[in-house]
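Read top to bottom, the protein sequences are chains P and X. Using our numbering, the first residue of the first sequence is number 85, and each one after it goes up by one. Using our numbering, the first residue of the second sequence is number 85, and each one after it goes up by one. C-beta: ideal position from N, C-alpha, C; glycine also.
2 protein chains.
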Amino acid sequence: MSSVPYTVPVQDMRFTLEQVVKLEDLTALPGFEEAGADMVQAVLEEAAKLASSVLAPINFAGDRQHSKLVAPGVVQTPEGFKAAYDQYRDGGWNAVPFDPEYGGQGLPWAVAFAVQEMWQSANMAFGLCPMLNQGAVELLQAHGSEEQKKTWLEKLISGHWTGTMNLTEPQAGSDLSQVRAKAERAPDLGDEIYRIKGQKIFITYGEHDLAENIVHMVLARLPEAPEGTKGISLFIVPKFLVNEDGSLGARNDVQVVALEGKMGINASPTCTMAFGDESEGAVGYLVGAEHQGIKYMFTMMNNARLAVGLQGMAIAARAYDQAVVYAKDRIQSKSMTRPKDPPAPIIEHPDVRRMLLTMKAKTEAARALAYYAGKHLDLGSRHPDAAVRAKAQATVDLLTPVVKGWGTDVGCEVSSLGVQVHGGAGYVEETGAAQHFRDARIAPIYEGTNGIQANDLVFRKVIRDSGAAAKAFISDLLETAAGLEGSGNATLLGIGARLKEGATALETATTYIVGAGQSDPVGAAAGAYNYMTLFGLVAGGSMLGKAALAAASRPAGFDAQYLDGKIATARFYAEQILPQAQGLVAPITQGAASLNEFAEAMF
Amino acid sequence: MSSVPYTVPVQDMRFTLEQVVKLEDLTALPGFEEAGADMVQAVLEEAAKLASSVLAPINFAGDRQHSKLVAPGVVQTPEGFKAAYDQYRDGGWNAVPFDPEYGGQGLPWAVAFAVQEMWQSANMAFGLCPMLNQGAVELLQAHGSEEQKKTWLEKLISGHWTGTMNLTEPQAGSDLSQVRAKAERAPDLGDEIYRIKGQKIFITYGEHDLAENIVHMVLARLPEAPEGTKGISLFIVPKFLVNEDGSLGARNDVQVVALEGKMGINASPTCTMAFGDESEGAVGYLVGAEHQGIKYMFTMMNNARLAVGLQGMAIAARAYDQAVVYAKDRIQSKSMTRPKDPPAPIIEHPDVRRMLLTMKAKTEAARALAYYAGKHLDLGSRHPDAAVRAKAQATVDLLTPVVKGWGTDVGCEVSSLGVQVHGGAGYVEETGAAQHFRDARIAPIYEGTNGIQANDLVFRKVIRDSGAAAKAFISDLLETAAGLEGSGNATLLGIGARLKEGATALETATTYIVGAGQSDPVGAAAGAYNYMTLFGLVAGGSMLGKAALAAASRPAGFDAQYLDGKIATARFYAEQILPQAQGLVAPITQGAASLNEFAEAMF
């Protein structure tokens, strides 16, 4: 049991990209001409091999072994991780979505999301290394100087070096305005060179043995910097300095000093990093202008949030994959419909079906929503028409906190159901179901807690534009519902009716939130989390609605039973899950009185 | 951080017992004359000392150390467990609810539940030992011969020996009809003596170093036994045989052969037990008649299910206790209402309040529901009027799967929120929040999975009596709602209105379930889990409604702020949680078509 197989759902990924997200809208864009269905299928199938035969087999043992601090400053990743990383890097997988000018493959984000889902499903602790690296790449692509790009970007894109994000300090978690790490200009060393001193915590892959160099993106404060978020600058602080010829130079004064003992993602080192402890300061290079660090960080953070939402759904997908295998195999109790036969596989029991279908439906809804956001990321940056770009960007901005917040909640719920399907065996670590449950639990916390996502959704994405983007999205929901209702197919009609009810609930809640933004911001904040959940439930339902419509048209290249299953999944979601959204409207629109009246001493 | 304090909510326990559950109804019963409010308060305060100063301090380290198989057949519990158990036993705590004829203290179950909540909150892995022992005591109280009671019962009640439940085998988990352990009569050894051979798994505290002897209650099958559940007998199989004079005799052939590596409750050994591996069989003594083992087991199992539900709410209570301390202490980001002040404790942020209030309200609702079931257990066994006894027993039968299923789901949800309130620190084991989350996850699985509880509720407790007990309970809900609505107090009126809506939703769902019992049992099974959740949500709301009514009458002996908080908690639950019940009615009443149409290959 110690290495649980991972069967990559390539057919559902393909279907979602081609039929739900409509990849064809992207192949019309400059640079994406090659990214047609055939090419995408080939990429997915090749990635699936690496995910299932290299990354998945070391997931369980990696969790048992942990990454370890084996000597001062030295972190050893679990057995097999270095060899797996070599294969990952040499296969060019790190470069998938990045700029071809610096060695990237320039594939659409929508496609990259499907590929990245596989790494996270196969081995979330491994997948974190490229995920953080991606943040560094995006920062440098957007804000690095030409020279910085030349020095750092190509190696980060190829994966020969890896990048990290150094934001958090003990007193500065959700609140980055409290960052205290110091930066001082070092004109003796050169222009734009600084000395960095301070400590950072919770640094994922801050130190490891997978790559030759580690490039830290570090937030720190200059001596005369204003207080708060407007006084923070962003620096490149490499583990090894780099010589003119690109070879590695002196060891910089940045060291891992401790690893966290975590509940999960144990194969990934979560480091406490010390900068400048043994010198006048670690050498750092300013990115962009001084005091602009937080602004830069946000250009990266939005994509990172989508990546974490994707991670949540990826763990859900893995937990589902494993639970189905178990439920088909495990014999226990008689079937209700065949009481005279011997005990049946548990997949025949209604409540086990309910659990598996909940897992499947929520996972596929979250998958489609993440890929859909990825597509709009591509449209937002590549479409020739500025109005289309702006509308797409507004959609991805709106959906980012939903993909992150709801997607990671789905990861937790589905991986918990995965444990439950296994019964007592699920609580035993050997089965592997428990690992998914423990791993998944970090995703609602990092990259902005889900409470922060909910606030982001409500205040920045809905209230700020008076609900314009949200209402545009709801119009799209209603259009999907109308398409289903007008299909002349009874099953689709039922799905459409439920979706319409969901969209109406979301509309009511949105109207309340927009109003409360003016009259009662605390009320809006009190309803934020339920609003995010409602949004996710309904948006997910619309994705499955689109999928059902597409499946009913029987597109070529997909198994008949798969297409039937897609419609049946949408139906289950519409009947069993979407109606639960109705129960959230009253709590959202209730205001904050019941929260406010609670004196601190009453808790 | 490694030892997190536990502040026992004695005031809420007292209030719940006196004001919500109405302990005074019990002190009128024969045998309970002494169990008045003062005596109960003294018991709770004494128990709280042991829980907070002895059991809680070894909870975190126990999880890190695990119970270990240190030599063949030898299990070592973590440091401090033996000394803590000595204090627990010597304080007479093991005897609280049991028969005074055998050394028990004869306190009401309702009171025992409050005491037991403390052990589970303080140290769930420790608390499992008395919890399993209680099962053995109840079995022997109900079905043991006088001689068996004399030999085993007193020592189990005093806690000098501990009892275990040996039911599960690899192929017989939820489905005990598949038990294969063998029993053979051994007339050469004596009347009612049997030789037991076989293997049992998942045996909690099957071996340990806390007590002199371990008394296993074992299900096994006689050679000529009929197949299925009707061919299983129950045996006492002690670790050490007992001499005529009560002293310990020969070592019996029952051995622990392995411990499970679990996700949580690591300080409790979960054993694989081998019976008769090194002999003709372990010596076992038949309890009651042959082939009646499953029936006997059920007399114990219902109370055990209540105990597990209590455990779920106890972990919720502990997680809440810890999260509040953290949220008052942790400074991060500015308050929305005081934007010019420095960053505030996170308890001021609306979404953190929402989380803490959700934790508090669900925990207190689940606490009251568990104690309420405990009271009806007492009424059902002690009331002089047979009709009252029957009605009370019907109530406890109805509520048992709700207390277990919903209570343990609350345990998981609340402990997950506890992690979330801690942010990144919550994912780090050192904080202790993660342990509660891992510990809580077993409770929906053991003692009958929550799916089995849902089926039990729907088929045995609602359909079998055509909804009579459920409808009686709903009448009580409506009466509570009417009391609130007639109170002339606006807050109570609002709570009453929401409760009435909830009761109506439960009524609609109940009517559907009763009908489906005849026409579409698979449909009833498909809706069972959501029905259990709906039942729990509404029943919990009614408990808080009763509490609010009582608090509004300002009873003596409670802090004014505590009473205000009780009303405010009920209001939060009514506004933010109860309406979510509405979203479950459609899924419950939808039938099983969306489940049934799923061919196995579509998963």
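Close to residue 345 of chain X, with beta-carbon spacing below 7 Å, are these residues of chain P in chain order: 512, 513 and 514. Between the segment 91 to 109 of chain P and the segment 180 to 194 of chain P, the count of C-beta pairs closer than 8 Å reaches three or more; the two stretches touch.
Looking at the DSSP output, residue 300 of chain P sits in a beta bridge with P:248 and P:321. The count of Cβ pairs closer than 8 Å, one atom from the segment 282 to 299 of chain P and one from the segment 245 to 255 of chain P, reaches three, so the stretches are in contact.
Proximity of the segment 637 to 652 of chain P to the segment 554 to 566 of chain P falls short of the contact definition, fewer than three beta-carbon pairs being nearer than 8 Å. Contact annotation: the segment 511 to 524 of chain X touches the segment 347 to 362 of chain P, with at least three C-beta pairs closer than 8 Å. In this structure, the alpha-carbon of residue 451 of chain P lies about 6 Å from that of residue 397 of chain P. A check of alpha carbon separations from residue 268 of chain X across X:306, X:296, X:664 and X:444 identifies X:306 as the nearest. With a 10 Å radius around the Cβ and a threshold of 16 neighbouring Cβ atoms, residue 275 of chain X comes out exposed. Where residue 149 of chain X is concerned, the enclosing alpha helix (DSSP H) starts and stops at 143 to 149. Cβ-Cβ distances below 6 Å link residue 265 of chain X to 282 and 304 in the same chain, with the five nearest sequence neighbours on each side left out; the list follows chain order. Beta-bridge partners assigned by DSSP to residue 165 of chain P: none are found. Non-local beta-carbon contacts of residue 412 of chain X in its own chain, meaning distances under 7 Å to residues more than five positions away in sequence, involve 429 and 431 in chain order.
Chain P has a Cβ within less than 8 Å of the Cβ of residue 507 of chain X. Annotated three-state conformation of residue 333 of chain X is strand, per DSSP. At least 8 Å separates the CB of residue 479 of chain P from every CB of chain X. When the five nearest sequence neighbours on each side are left out, the beta carbons in the same chain lying within less than 8 Å of the beta carbon of residue 536 of chain P are those of 258, in order along the chain. Our two residues, residue 532 of chain X and residue 245 of chain P, have alpha carbons roughly 51 Å apart in a direct line.
When the Cα atoms are used, residue 518 of chain X and residue 372 of chain X turn out to be separated by approximately 44 Å. Going by DSSP, residue 488 of chain X is part of the alpha helix (DSSP H) stretching over 470 to 505.
Using a C-beta cut-off of 8 Å, the segment 366 to 386 of chain X makes no contact with the segment 464 to 471 of chain X, since fewer than three inter-stretch Cβ pairs fall below that distance. Across the segment 443 to 472 of chain X, CB contacts with chain P closer than 8 Å involve 444, in sequence order along the chain. According to the DSSP assignment, residue 286 of chain P belongs to no alpha helix (DSSP H) but to the beta strand (DSSP E) extending over 277 to 288.
A Cβ of chain P is located within less than 8 Å of the beta carbon of residue 420 of chain X. At a Cβ-Cβ threshold of 8 Å, residue 590 of chain X and residue 558 of chain X count as neighbours. Under a criterion of Cβ atoms nearer than 8 Å, the residues of chain X adjacent to residue 440 of chain P are, in order, 687.
Within its own chain, the residues whose Cβ lies closer than 6 Å to the Cβ of residue 593 of chain X, once the five positions on either side in sequence are excluded, are 615, 618, 669 and 672, listed in chain order. Here DSSP, grouped into helix, strand and coil, assigns residue 429 of chain P to strand.
Here the segment 471 to 486 of chain P makes contact with the segment 376 to 391 of chain P; the two share three or more CB pairs at distances below 8 Å.
Contact annotation: residue 623 of chain X and residue 650 of chain X have beta-carbon atoms that are not nearer than 8 Å. In the structure shown, residue 305 of chain P adopts extended strand secondary structure according to DSSP, grouped into three states. In terms of beta-carbon proximity, residue 604 of chain P stays away from the interface with chain X, with every pair separated by 8 Å or more.
Comparing alpha carbon positions, the residue from P:242, P:584 and P:154 closest to residue 293 of chain P is P:154.
Non-local C-beta neighbours of residue 503 of chain P in its own chain, meaning closer than 7 Å and more than five positions away in sequence, comprise 510, 511, 517, 518 and 521, ordered along the chain. C-alpha of residue 262 of chain P to C-alpha of residue 314 of chain P: approximately 11 Å in a straight line. Judged by DSSP secondary structure, residue 638 of chain X falls outside any beta strand (DSSP E); it is assigned neither H nor E.
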